[in-house]
Amino acid sequence: SDPLMAPFRKIIPPMGGLDFAPMLAMFVIHVLRTIVLPNIFMAIGG
């Protein structure tokens with residue numbers, strides 16, 4: 010999981026012992042699954 014979290018940790022470094030990178034990663038994955046991918050499939054013709 011560290012290679013997956015590394016780009017997000019560059020954006021939001023751990024603060025005070027709390028690491029918000031996993032929450033940001035889950036938010037990005039959620040946006041991709043609910044908004045981006047369905048629009049791509051509709052554009053392709055699915």
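So the sequence shown is residues 10 to 55, counted in the numbering used here.
Here a beta-carbon is modelled for each residue, glycine too, at the ideal position from N, C-alpha and C.
In this text the structure is predicted, and so the values were computed from the model without any measurement.
Do residue i and residue j have their C-beta atoms closer together than 7 Å?
i	j	result
F17	L27	no
A2	I21	The structure shown does not extend to residue 2, since the chain is modelled only from 10 to 55, so the question has no answer here.
Tell me the rounded alpha-carbon separation between residue i and residue j.
i	j	result
I44	M51	11 Å
P12	M35	15 Å
G25	G54	48 Å
L49	R42	According to the sequence as given, residue 49 is Ile; it is not Leu. Using only the alpha carbons, I get a separation of about 11 Å.
K19	V37	15 Å
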